[in-house]
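All remarks here apply to the structure that follows.
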Amino acid sequence: MTASFAELVATATNGAQPFRYQEQIAERGLPEVLEAPTGSGKTLAVVLPWLWRRRYHPEQHVREATPRRLVVALPMRTLVEQTAVAVRGWLERLGLAEVVGSAMLMGGETPNEDWRRRPTADAVIVGTVDMLVSRALNRGFGESRSLWPVSYGLLNNDCHWVLDEVQLLGAAVPTSRQLQSLRERWGTVGLASSTWMSATIDREALRTVDRSSVPEPHTIAAEDRQGALATRLAAARRVERVSETETAKTPAAYAGALADAVIARHERGTRTLAVVNTVATAQDLHARIKRKLPAEAAAPVLLHSRFRPADRDAALRAALAEVDPRGPGTIVVATQVIEAGVDLTSRVLVTEACPWPSLVQRAGRCNRYGEHGADGDAVLAWIQPRRPEPYEQDDVAATVQALDNLEGRAVTGEALAATEVAVTSQSHPVLRERDARALFDTSPDLSGADLDVSRYVRETEDIDVALAWRELDGSAPQRDAAVPARDERCPVPVGQARDFAEKRTQQLWQYDHLQDRWVRVRPRDLRPGMVVLVDAAAGGYDPTIGWAPTSTQRVPDLDAPVTGSLDEERDQALAGDPLAFSGTWVPLSVHLRDVEAHARALLEELQVAPVDLPEAATTATVRAGLLHDLGKAHEVFQATLTSRDEGEEAVRARELGPWAKAPGPSRRHERPHFRHELASALALFDHAQEAIEDLDEPDLCRYLVGAHHGRVRLAIRGVPGEVAANGTRPLLGIHDGDLLPDVSLGQGQRVPASTLDLGLAEVGTHPERGASWGARMLALRDRHDLGPFRLALLEALVRVADWQASAQPSQQFT
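Note that my numbering has the sequence shown beginning at 551, numbered continuously upward.
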């Protein structure tokens, strides 16, 4: 398909024409800063110009310079879901759904893994800012530790980031600015760039210590101020204050008066939207409106972020449903989830005062399309809340004063956005270069803890864990119980989850990767991204109102059957290696050659330029694919593959090995925590190093071999309590002095037998091998022509090559 940008937009949107400012972005490239009014199509303005420049621009050098991954980071789940649906629809109508990937990343979701498993494919990745930025920091919330480096490599190379609704992103704004500067300083494979956008851009908030220059925002063009967009820009709403007599001082009276104010302003056949500042207020207001409405009125809709997905989706559908002009109309009670990007309009908006940027966003959900005209038929009614939480008192007070000054006036969204209202400058921790370098190492510290990146992503209280409820009858989950599926999970702020857990220490469970079993969760164990299974008898949730921490009622099961699997979780368990059990016998030499071929093909598809990576690095990467599984020749690994029984098949298997894959089911190694990739890496310091003597980058090859499962990286750290039969301490199941037999690489090549020396894992200089493992790998990370981001991408490519070869072996035996 060859198309102009206008033709692409028309096809993707069933006939819509792009605004001029969107065409300018397609012509010039995505800007660093974009400011466009609510309703002017910001999402289309970044996604479709990227797609057109990547695939259809008439000049080849533009197509090649456009990053292959578009990463869209958003503040709220509802906005993520809406954006992901829009992107999928555009791709399907363009006939690109099979060639351009689309993925959605947010807490509680079962992620689409294609973006990781197809790193050379174009893709649009849409997610919540906490899920995406934590992955760019190599500490992915809700993601297995062993997968952190893959996401880190792909989200910092050959990608364009779009951070939308920046006024709501908090600490992620300076972090994302610093990350962009580090990508430019350290170097990446392919271009890595970023756009920050909103209807209200505070340029000062974008300045950071390493990125103090902020360009003028790209804005809507003068030509756009006509037609449909002109109608939207002229849409007004009349400002009116809910009188003091309507808002009594006690909590109960205030909530009752607020409910009365909403009901009094609602008109049949229209939608009324009430937006309040906390989930608790929304739940109370919803209950009071429901009780006070006449019997013939439609039940109000409650919408906030603390629902299980199926319950929230039902509420969102009800909120967005077309309103029958002859019917009773719709009242929607919501929190901040409605204020950014949700495509909803109302005749009346009743809102608690909040910081001015949030107020502007909420106002954009009233008379959004100009359907109620420009003369003030639509109403923005506002109320001073009894308490400012979760906002600063000064910010709420400044908004109250500004709204008082607008009393009785019909104002447009642009006029509101242009009104200067003081907002407290937020102070956030700044990610510095030394901090970012330290995050490359994914090994826990000596106490078992990780470097916490929560402060760089969002305020801790805003970062979620996922709770799911099942009937456990006071017992532990069955060992093979499925990890909670998407529809079971309710996002809950970490702090609230800890308070909830204080009185329910026997009723919360988590799957432990290290022990490969379910373990009890204590309040202090809770951290962002965790998935926690809760006994239904513990309460804490109501399908009609969502997260209800004070409720002691048993939580009912979902209507739909629970589906889920431990397969992926166990794949990431330290003791597990389920990919070795593929259903057929695959010779080790075949698998090694397969991975080498896939690694070479991936690098060729990426079209890596010499300016991005020295040729010696790509050569070492392909060689790492060939040598990555030498350690599978170890007697422990081969015994695991061939120990299914003592029948003829097992005897024959032992005679014909070594094998890389065997028929299932998955089995545990005789030595706890045995890691074959450590054996592979250590062998390359002994006689097996003959296989890398011709390389200019032997240590890079060693690193990629050791790191191809994400567990042996900068440091080699064992598991507490590991002890060998002779009393010595092994390291990840490897005993000092173990012999790795010679290995055939096929095509007449063999790697000689090697003795495995654990001394390389020690700090300092090895008496025979020279620099230790840690010293060598730190040097790789810190090299100016390699650096953390490029190194991580090469690591990801070897990992993906292994996945691809495992899925489709070139030879197998039944």
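Even glycine gets a Cβ: it sits at the ideal position worked out from N, Cα and C.
Counting of Cβ neighbours within 10 angstroms places residue 757 among the exposed residues, the total staying below 16. In this structure, the straight-line span from the alpha carbon of residue 924 to that of residue 832 is close to 30 Å. A straight-line Cα-Cα distance of about 11 Å links residue 694 and residue 992. Bounds of the beta strand (DSSP E) holding residue 1061 are 1058-1062. Separation of residue 618 and residue 1086 (C-alpha to C-alpha, rounded to the nearest whole angstrom) is 44 Å. Between residue 692 and residue 1047, the gap from beta carbon to beta carbon reaches 9 Å or more. The straight-line gap separating the alpha-carbon atoms of residue 825 and residue 812 is approximately 10 Å.
Taken atom to atom, the span from the alpha-carbon of residue 1347 to that of residue 1263 is near 15 Å. For the region 581-637, the full-length beta strand (DSSP E) segments reaching 3 residues or more read 583-585, 619-624 along the chain.
Contact annotation: residue 828 and residue 940 have beta-carbon atoms nearer than 9 Å.
Across the set 968, 743, 821, 594, the C-alpha of 821 shows the shortest separation from the C-alpha of residue 915. Per DSSP, residue 747 is one residue of the beta strand (DSSP E) stretching across 742-748.
Annotated three-state conformation of residue 567 is coil, per DSSP. Here residue 818 is exposed: its Cβ has fewer than 16 other Cβ atoms, across all protein chains shown, within 10 Å. In this structure, the alpha-carbon of residue 1220 lies about 7 Å from that of residue 1190.
Taking a C-beta distance under 9 Å as the contact criterion, residue 1058 and residue 1044 do not qualify as a contact pair. Only residues of its own chain outside the window of five on either side were considered, and among them 948, 949, 952, 971, 973 have a CB closer than 7 Å to the CB of residue 906, listed in chain order. Cα atoms of residue 1351 and residue 1343: separation of roughly 12 Å, rounded to the nearest angstrom. The beta carbon of residue 764 lies closer than 7 Å to those of 583, 753, 756, 757 in the same chain, with the five residues before and after it left out.
Around the beta-carbon of residue 911, 16 or more other beta-carbon atoms lie within 10 Å, marking it buried.
When C-alpha distances from residue 1049 are compared across 1073, 900, 1039, 1030, the shortest belongs to 1073.
For residue 652, the enclosing beta strand (DSSP E) has its first and last residue at 650-655. Note that the region 1326-1342 does not touch the region 1129-1141; fewer than 3 beta-carbon pairs, one per stretch, sit closer than 8 Å.
In the three-state DSSP reduction, residue 934 falls in the coil class, being neither helix nor strand. In the displayed model, residue 840 falls within a helix according to three-state DSSP. The beta carbon of residue 1242 lies closer than 7 Å to those of 1173, 1234, 1248, 1251 in the same chain, with the five residues before and after it left out.
Secondary structure of residue 943 (DSSP, three-state): helix. Assigned with DSSP and collapsed to three states, residue 1055 falls in coil, not helix or strand. One thing to note: residue 988 has its Cβ within 9 Å of the Cβ of residue 1001. DSSP places residue 1345 inside the alpha helix (DSSP H), whose first and last residues are 1337-1357. Following the DSSP letters along the chain, one finds residue 556 inside the alpha helix (DSSP H) bounded by residues 555-562.
For residue 1299, the uninterrupted beta strand (DSSP E) segment begins and ends at 1299-1301. Closest by C-alpha distance to residue 943, out of 975, 645, 1192, is 975.
DSSP assignment within the region 1150-1226 yields the following whole beta strand (DSSP E) runs of 3 residues or more, N-terminal first: 1209-1211. Per the C-alpha coordinates, the member of 870, 1175, 733, 612 positioned closest to residue 1255 is 1175.
By the criterion of a C-beta distance shorter than 6 Å, residue 586 is surrounded in its chain by 592, 770, once the five residues flanking it on both sides are discounted.
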